[in-house]
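In the numbering used here, the protein residues as written are 4 to 241.
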C-alpha cells in the first residue's frame, strides 16, 4: 500500500507564506537563465472525450505537453501562467476538468518542481473583467511574431497546401515592426488564451544534496482570508 504523506499531521511541518516556495522557484529560474529550455515546463491534464468514435475515445487518459512559462500573474504571484490557442485540445481538457499538474526540471541546478493546482482558461468569451484585463496584459507582453501564431490554421488539423502561406510569414518577415503592424498589441486575436494555474501544492526535489520539500496551501479562514502564513512546508525523504 502506497504511503501517503499528510503534511498537516507531520511532526516537522511548519507554517510559511507562499513567498518561501516562490523564492525557491525564482532562485532556480535565475540559476538556469543561461539554459534556453529552462523557460519551458510540462503541463499534464486529463483528456476530455471530444470524439464520436469509441475507438478514438481518449477520455480519462493523461495528456502532457510542453509550454512556455509566461511568468507569475501580476496581481497574484501564486498563479503560474502560460498561453495557448483556443482551438487546442488542452483548452477542452481544462474546461472539463480544471485540475492539472506542472513538471519543471532545471538542469543546471538539478532541481525539479511539480506544481499542482486548478487552471483558469481565459478566452475572448470570458465575462470576468479582471480576467480579460489579465489576458490583454499577457498579449501585450508577447513578441509580435509570437502573436501571429494565433492566426495560424487550427492545431491538429491535416496540413494542406493553402495553409503554407500562414507559416511562410515567419520566414518572409525580418523586421520586428512589420510583425507589430500585422499583429498589434492593442488587437488581441480571438484564438489567444491565457491560462492561469492557481497553485495549491508544490513538490520541490533537489538532486544536489538529496533534499525534498512539500508545500501545501491551507484552506482559507473565512474570518481572515488574507493570512500571511497560509502554507505548510515539510521536508521529506527524496
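Note that CB positions come from ideal geometry on N, CA and C, so glycine has one too.
Just so we're clear, the structure is a prediction, and the values are computed from it rather than from any experiment.
Suppose only complete runs of 3+ residues qualify. What are the beta strand (DSSP E) ranges in the region 34–111, listed by chain order?
Entirely contained in the region 34–111, the beta strand (DSSP E) runs reaching 3 residues are, in chain order, 43–49, 65–71, 79–88, 102–109.
Skipping 5 residues on each side, what residues in its chain have a beta carbon closer than 6 Å to that of residue 31?
Excluding residues up to 5 positions away in sequence, 109, 112, 114 lie with their Cβ nearer than 6 Å to the Cβ of residue 31 in the same chain.
Could you check the C-alpha separation between residue 212 and residue 154 for me, to the nearest Å?
Going from the Cα of residue 212 to the Cα of residue 154 covers about 46 Å.
In whole angstroms, what separates the C-alpha of residue 190 from that of residue 91?
Spanning the two alpha carbons is a distance of roughly 21 Å.
Report yes or no: do three or more beta-carbon pairs, one from the region 151–169 and one from the region 121–135, lie closer than 8 Å?
Contact between the region 151–169 and the region 121–135 is absent, because fewer than three Cβ pairs lie under 8 Å.
Bridge partner(s) assigned by DSSP for residue 207
Residue pairing by DSSP puts residue 207 in a beta bridge opposite 116, 216.
What do you get for residue 102, buried or exposed, if any count of 16 or more other CB atoms within 10 angstroms of its CB means buried?
So residue 102 counts as exposed.
Using DSSP's beta-bridge definition, name the partner residues of residue 239.
Its beta-bridge partners are 215.
From residue 7 to residue 203, what distance separates their C-alpha atoms?
Its pLDDT being 49, under 50, residue 7 is placed unreliably by the model, and the measurement read from it follows with that caveat. So the two alpha carbons sit approximately 17 Å from each other.
Going by DSSP, what residues sit across from residue 202 in a beta bridge?
DSSP, once it has assigned bridges, lists 120 as partnering residue 202.
Give me the Cα-Cα distance between residue 67 and residue 74, rounded to the nearest whole angstrom.
Rounded to the nearest angstrom, the two C-alpha atoms are 20 Å apart.
Proximity below 8 Å, CB of residue 97 to CB of residue 48
Cβ atoms of residue 97 and residue 48: closer than 8 Å.
Should residue 199 be labelled buried (16 or more other beta-carbon atoms within 10 Å of its own) or exposed?
In this structure residue 199 is buried. Its beta-carbon is surrounded by 16 or more other beta-carbon atoms within 10 angstroms.
Can you tell which of 130, 89, 107, 180 has its C-alpha closest to the C-alpha of residue 43?
The alpha carbon of residue 43 has as its nearest neighbour, out of 130, 89, 107, 180, the alpha carbon of 107.
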